[in-house]
Amino acid sequence: MTTGVDQIRAWISEPLLRLRRLRQFEAATDWGVHFGDFLEQLGLDGDAPVAQALRIRLSAIADDADRDAFIASDEFEQIAYQPQLYEADDNDSGDDSAPSDSDYDAAVYETPAESTLLNENNQTAWFTFCAVHLPGWDRSEESWPRYSAGFVFEAGQRGFGGLAQELADGLTGLADNAQRVQFYDEYVSGCRSYGPSSDVDAVPDSGLPSEYPEAVVHMNDAEEESMPFGQHDVAWFQFCIRRLPAWRGTGGGTWNQFYERFMAEAENGSFGERAQALMLYSLAIPVNARRTYLNNMVNTFRATLEQYGLPVPAVDDDAVSEVASDDGNEISIGGNGEGGWQPVPPEVLDPSVVAVAPEPEVPPDYEALEYGGEIHESGTCSICLNLFVLDSRIAQSACGNPAYQNPHYFHWDCIAAWGYRARRDVCPLCRGKLKPPRRIDYVPEPIAAPLQASASESDEPLTFSYDADDWYNFCDTYLLALYDQPNQSWDQFSSAFLIQADEVGFGPVARDFLADVAGIVPTARREHLRNCIENPATLKAFADRPVEFDGDA
28 MTTGVDQIRA WISEPLLRLR RLRQFEAATD WGVHFGDFLE QLGLDGDAPV
78 AQALRIRLSA IADDADRDAF IASDEFEQIA YQPQLYEADD NDSGDDSAPS
128 DSDYDAAVYE TPAESTLLNE NNQTAWFTFC AVHLPGWDRS EESWPRYSAG
178 FVFEAGQRGF GGLAQELADG LTGLADNAQR VQFYDEYVSG CRSYGPSSDV
228 DAVPDSGLPS EYPEAVVHMN DAEEESMPFG QHDVAWFQFC IRRLPAWRGT
278 GGGTWNQFYE RFMAEAENGS FGERAQALML YSLAIPVNAR RTYLNNMVNT
328 FRATLEQYGL PVPAVDDDAV SEVASDDGNE ISIGGNGEGG WQPVPPEVLD
378 PSVVAVAPEP EVPPDYEALE YGGEIHESGT CSICLNLFVL DSRIAQSACG
428 NPAYQNPHYF HWDCIAAWGY RARRDVCPLC RGKLKPPRRI DYVPEPIAAP
478 LQASASESDE PLTFSYDADD WYNFCDTYLL ALYDQPNQSW DQFSSAFLIQ
528 ADEVGFGPVA RDFLADVAGI VPTARREHLR NCIENPATLK AFADRPVEFD
578 GDA
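In terms of this note's numbering, the sequence shown opens at residue 28 and continues consecutively.
Here is the structure:
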């Protein structure tokens, strides 16, 4: 059967999001259980072609962590967008849960046989699409696979998946890169001469949300060819600059509130898939570093627009960023607050856009900083990749790996978040035992002098606090569900609860909570747990207690 991309997306999105969340919060569960639940949510049996295609690809990945990372990528979802998987099902499936022809719009997606043919109905739209979206490859052989995959993905969203795949396959099959470059340039030139590439208003179905008129930028051919992204990318950058600062960490509402609003606004602006990829990626970042990560993404998008002379919008009035407080040694959401550049997940950007952001430049008064037996020329924290700058709060840790005699240095916030993520009691540099760090305020000497540690050192313990709302939501999901399992002892329940807590970084606060509940008469424990869920302040109080880092997280 023929199947439209929009129908497949509507069919797979909810079950896929559920699978990703299950793997995030229940990583200890056997993979087969979660995959079976995923197929059940899709309404598929194990013999369906699309189910077999997904299973074969997952079975080729041996490590659970790598498999979890794969399902969070676009590549996994794209397996389900192969029309031939559903055509094989057409005569014998009888499954009305899968996408069907009743909702099929031939203008949205074409079957492989149709998509390889240009005709009077699609050639104008196809050439115009290529004139806008095909330019941007840097013409290097190394970047072609990633660039072509991004082009095919973008084309699939506009109904040109088959045509784009045939073009990409043809270019990939050429004998050498010189031939590929020649054919590519000729094709781009032909598309430009055929359609009005510089007249944005003439481009059909641009996908630009009406509330972002500044995204419609009229460019001449030279300007457009030098810009490795399209109009829709510009609108996405501007949307993120406006809305990402809306989450202010602990002072600006819960992550869930921000997530729901951001996703709703993104859907209205036609950015649903990109926004969902960004939110899922952000969930994998320690909550104490998440605000810094989003700030850095905004900085990257802003610099990208400025680099190409495109309009940079202001942050929305209700999305004012909050400066992270520096209250002693207690960490609050906001990271180190230094901005700078941060790697961007490939799911969020068009592949050609990732290379746009310049590399972080080292200020002239910072020379190489030697530590951990290595030279870090940029003087960066190896966790967040941001620079050590004047008055940065630095954690110094002498780790347990005998191969490294010198201490290691990280941003104070970063190593705190690292140490209390699940099972991360090892140094991120040398993988030795992570020992309790000391706080050091780094101050550079005069210009062109090496970065030196000042006399300001502190042996005060590193402490870490948790997002109370996230902790409550975790307990609301798992507490009673695990406690009510039949025929289990208190120790079995505690072990199961701690496994889940450790996976999402709530291990220390969960241990404090369980120690408190263990002192209650066994027959009254369930009632106490229920009361905790019904009275959120009771649970949140545990997250508000600063926890001291002791190296045994």
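Each residue gets a CB set at the ideal place from its N, CA and C atoms; glycine is no exception.
{"Query": "Exposed unless 16 or more other CB atoms sit within 10 angstroms - verdict on R4", "Result": "The chain is shown only over 28 to 580; residue 4 falls outside these bounds and no answer can be derived."}
{"Query": "Contacts around F328, its chain only, beta-carbon distance under 6 angstroms, and the 5 residues preceding and following it disregarded", "Result": "F264, C267, I268"}
{"Query": "Distance between beta carbons of F187 and L201, contact taken as under 8 angstroms", "Result": "Not confirmed; about 21 angstroms, so no contact."}
{"Query": "Under the three-state DSSP convention, the category F298 falls into", "Result": "coil"}
{"Query": "contact_flag[the stretch 492-510, the stretch 555-563] where n(CB pairs < 8 angstroms) is 3 or more", "Result": "yes"}
{"Query": "Rounded Cβ spacing between V179 and A195 (contact assumed at less than 8 angstroms)", "Result": "5 angstroms"}
{"Query": "Where the alpha helix (DSSP H) containing N514 begins and where it ends", "Result": "Where N514 is concerned, there is no enclosing alpha helix (DSSP H), given that its DSSP letter is neither H nor E."}
{"Query": "Integer-rounded CB distance, given that L161 should sit under 8 angstroms from V215", "Result": "5 angstroms"}
{"Query": "Three-state secondary structure (DSSP) of L44", "Result": "helix"}
{"Query": "Residue burial classification, E213 (beta-carbon count within 10 angstroms, cutoff 16)", "Result": "exposed"}
{"Query": "Proximal residues to C157 (C-beta, below 6 angstroms), its chain only, five neighbours per side dropped", "Result": "C218"}
{"Query": "A537 - containing alpha helix (DSSP H), residue span", "Result": "534-545"}
{"Query": "Under 8 angstroms between C-beta atoms of P42 and F65", "Result": "yes"}
{"Query": "C-alpha gap between G70 and L46, whole angstroms", "Result": "14 angstroms"}
{"Query": "Residue from A92, A75, D101, L507 whose Cα sits closest to the Cα of R36", "Result": "D101"}
{"Query": "Straight-line Cα distance separating E53 from I547", "Result": "27 angstroms"}
{"Query": "N- and C-terminal bounds of the alpha helix (DSSP H) containing L337", "Result": "L337 -> no alpha helix (DSSP H), and no H or E assigned at all."}
{"Query": "Y436 in three-state terms, based on DSSP", "Result": "strand"}
{"Query": "CA-to-CA distance, E181 to E104, given in whole angstroms", "Result": "14 angstroms"}
{"Query": "Pick from P549, T550, A551, G534 that is closest to E569, judged by C-alpha positions", "Result": "One detail in the question is off: residue 569 reads as Phe in this sequence, not Glu. Comparing Cα-Cα distances from F569 to each of P549, T550, A551, G534, the minimum goes to G534."}
{"Query": "Classification of G177 by the beta-carbon crowding that lies within 10 angstroms, buried from 16 upward", "Result": "buried"}
{"Query": "Under 8 angstroms between C-beta atoms of A304 and A293", "Result": "no"}
{"Query": "Burial state of H259, where buried means 16 or more other Cβ atoms lie within 10 Å", "Result": "buried"}
{"Query": "Buried or exposed (CB count within 10 angstroms, at least 16 for buried), I98", "Result": "buried"}
{"Query": "Q105: first and last residue of the uninterrupted alpha helix (DSSP H) it sits in", "Result": "101-106"}
{"Query": "Cβ-Cβ distance between K567 and Y510 below 8 angstroms", "Result": "no"}
{"Query": "Buried/exposed call for W517, threshold 16 Cβ in 10 Å", "Result": "exposed"}
{"Query": "Of the listed residues Y108, S309, V536, nearest to V77 (C-alpha basis)", "Result": "Y108"}
{"Query": "Alpha carbon of T319 to alpha carbon of N326, nearest angstrom", "Result": "10 angstroms"}
{"Query": "C-alpha gap between N514 and R173, whole angstroms", "Result": "52 angstroms"}
{"Query": "Straight-line gap, V342 to S40 (C-alpha atoms, nearest Å)", "Result": "30 angstroms"}
{"Query": "Anticipated Cβ contact below 8 angstroms, L507 with L541, distance rounded", "Result": "Not quite, the Cβ-Cβ distance comes to about 14 angstroms (not below 8 angstroms), so this is no contact."}
{"Query": "T155 classed as buried or exposed, judged by whether at least 16 other C-beta atoms fall within 10 angstroms", "Result": "buried"}
{"Query": "S167 versus S175: straight-line alpha-carbon distance, rounded", "Result": "12 angstroms"}
{"Query": "A89 versus F285 - alpha carbon distance", "Result": "35 angstroms"}
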